[in-house]
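Numbering (full-length UniProt numbering), first residue to last: 1 to 69.
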C-alpha cells in the first residue's frame, strides 16, 4: 500500500508541476532523438566525419561559420 500512496503522491506532484509550467505559457512535448550511445550511430558519425574531412569546400565553410559573430 505504501507503494500506491507514493505513486499517487508522485503523480500529483508531476501534475502540479505541469500545471505550473502551462500557467507560465509553456507546453509539454515529447521529442525523439538519435541515441548517440548506439554503436550504429557512432559508426555512421565516424563515416560521415571521414567523408567530409578531406573536402576543402566543407573545411572552408566550417572555418567561416566558426568565426561568424
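Even glycine gets a Cβ: it sits at the ideal position worked out from N, Cα and C.
On the three-state DSSP scale, how would you describe residue 50?
By 1-based counting over the chain shown, the position of residue 50 is 50. DSSP places residue 50 in helix when its eight states are reduced to three.
Going by DSSP in three states, residue 1 sits in which element: helix, strand or coil?
On the chain shown, position 1 is the one that residue 1 refers to. Confidence in residue 1 is poor, its pLDDT being 48 and thus under 50, which makes the residue's placement unreliable; the coordinate value appears in the next sentence. Three-state DSSP puts residue 1 in coil, outside helix and strand.
Reference residue 35, options 26, 45, 29 and 27, closest by Cα
Mapped onto the chain shown, residue 35 falls at position 35. Nearest of 26, 45, 29 and 27 to residue 35, Cα basis: 45.
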